[in-house]
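Comments concern the structure below.
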Amino acid sequence: MTDPRFKKLADLLVNYSTKVGKGDVVLMEMIDIPDDFCVEMLRSVRRAGGVPMIEVKHSRVARELLRETDERQASLARDVEMHRMKRVDAYIAMRGSFNTSETSDVPSDLMAMYSKTLRPVLNYRVNKTRWCVLRWPTPSMAQAAGMSTEAFEDFYFDVCTMDYARMARAMAPLERRMVSADRVVLKGPGTDLRFSIRGIGAKMCKGDRNIPDGEVFSCPVKNSVEGVIQFNTPTIYSGTRFENVRLEFREGKITGASSSQTKRLNEILDTDPGARYVGEFSLGFNPYIMNPMCDILFDEKIAGSLHFTPGQAYEDCGNGNRSAIHWDMVLIQRPEWGGGEVWFDGKLIRKNGVFLPKDLLGLNPEKLKSRA
């Protein structure tokens, strides 16, 4: 008997997140996902009148493909995937790897080459299709969250199927403030950062691109970032875990970078010139996600957090920066994590993870939970 939560999640992804309609071609990329859920996704797309396409992948096989890849293979993969992507209206990707470090032993130069070669496919998908990406709950995710597998599964389905349409209404005032803001200042332990978002715009993320969701993002003017930021959550990129990442900026560029893996950090930031500039700034506020679990789709939505992103900017609310890298790094500013402040044009917007202006009070956890 199929878990009834499967149908609820599938229908949310199809009917709300990607708004599949009659005749829409939907590409589903499923990595280490149970067959029962894949079947439920196919059925949901068909119920909506869409045309389903599905590719089932396995992370161990993908690792072997990457381990000895070359430019010819990467270019062929790019061309095949681009041809397919241009023929679909919507894209849904789910990843359920049991080992988040599966690609940790793939040579860094090959990972960088493959990412750079395939980047046009990602850019096209992000900018030209309706899309949504999410994880699947696994024992390794439960372990990272410090929870039993059963408790984590309950948490996962609760947060992934919450009422995002209602949540969106509370986000609108923050989006308006970010659209009109110029100078942003971030303060906290080890952090004193200044930049402009003037003219960039902002976009609220309400379950129609990522699940789980709960953020409003913008982007720094490319050359405006000055100062230093010290991240207090671990991050995994290309299979490697990094802790205590510290970035120094001058005229928008990362001029100093250190972490628990300083050499590997700088190798990634040297992938291309754009990797040392920032492509996104966002405030996170999902009331059900309180602590990091080294899964960026969850961590970037942590209540009272922000993330700052070396690398590729989105075309929507972007600064034109281009890179094969897009690395969301998370800073939690709630008191138990050291606290911190977010200022827009000299006005204190959030202190120690709590929004202060009257029009933003609805984004604080106790309010959002009552809305969810």
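Here our numbering is used: position 279 in the sequence shown is 279, and no number is missing along the way.
Heads up, the beta-carbon is just placed ideally off N, CA and C, and yes, glycines get one too.
key: Contact check, residue 174 vs residue 216, beta carbons under 9 Å   = Against a cut-off of 9 Å, the Cβ pair of residue 216 and residue 174 comes out as a contact.
ask   = Taking the alpha-carbon positions, what's the residue 304 to residue 332 distance?
value = When rounded, the distance between both Cα atoms is 6 Å.
ask   = Hey, residue 280 and residue 219: beta-carbon distance below 9 Å or not?
value = In contact: residue 280 and residue 219 (Cβ atoms closer than 9 Å).
ask   = Is it the case that the Cβ atoms of residue 179 and residue 201 are separated by a distance below 9 Å?
value = yes
request  = Pick helix, strand or coil for residue 173, following the three-state DSSP scheme.
outcome  = Here residue 173 sits in helix by DSSP.
task = Write down every uninterrupted run of the beta strand (DSSP E) in the segment 129 to 215 whose length is 3 residues or greater and which is fully enclosed by it, in chain order.
result = DSSP runs (the beta strand (DSSP E)) wholly in the segment 129 to 215: 130 to 135, 183 to 188, 191 to 196 and 203 to 205.
key: Through-space distance from residue 198 to residue 268, alpha-carbon basis   = Distance between the alpha carbons of residue 268 and residue 198: 29 Å.
ask   = Just the Cα atoms here: how many angstroms apart are residue 255 and residue 291?
value = 29 Å
inquiry  = Considering just the uninterrupted stretch of the alpha helix (DSSP H) at residue 73, what are its terminal residues?
reply    = Its alpha helix (DSSP H) spans residues 71 to 85.
task = Would you mind reading off the limits of the alpha helix (DSSP H) that contains residue 65?
result = 59 to 67
task = My understanding is that residue 322 touches residue 252, with C-beta atoms under 8 Å, so please give their C-beta distance in whole angstroms.
result = Residue 322 to residue 252, Cβ: 14 Å. No contact.
request  = Quick one: residues in its chain with C-beta nearer than 7 Å to the C-beta of residue 104, no 5 flanking neighbours on either side, listed in chain order?
outcome  = Counting only Cβ-Cβ distances below 7 Å, and skipping sequence neighbours, we find 239 and 240.
key: Identity of the residue in 296, 329, 163 and 9 nearest residue 145 by Cα   = 296
task = Quickly, what does DSSP pair residue 30 with across the bridge? List them, please.
result = 56 and 94
task = Note down, in chain order, each residue of its chain lying with its Cβ closer than 8 Å to the Cβ of residue 32, except the 5 sequence neighbours on either side.
result = Excluding residues within five positions, the ones whose Cβ falls inside 8 Å are 57, 58, 59, 95, 96, 97, 98, 136 and 138.
ask   = Distance, Cα to Cα, residue 177 vs residue 62?
value = 42 Å
message = Which residue marks the beginning of the alpha helix (DSSP H) containing residue 10, and which one marks its end?
response = 4 to 11
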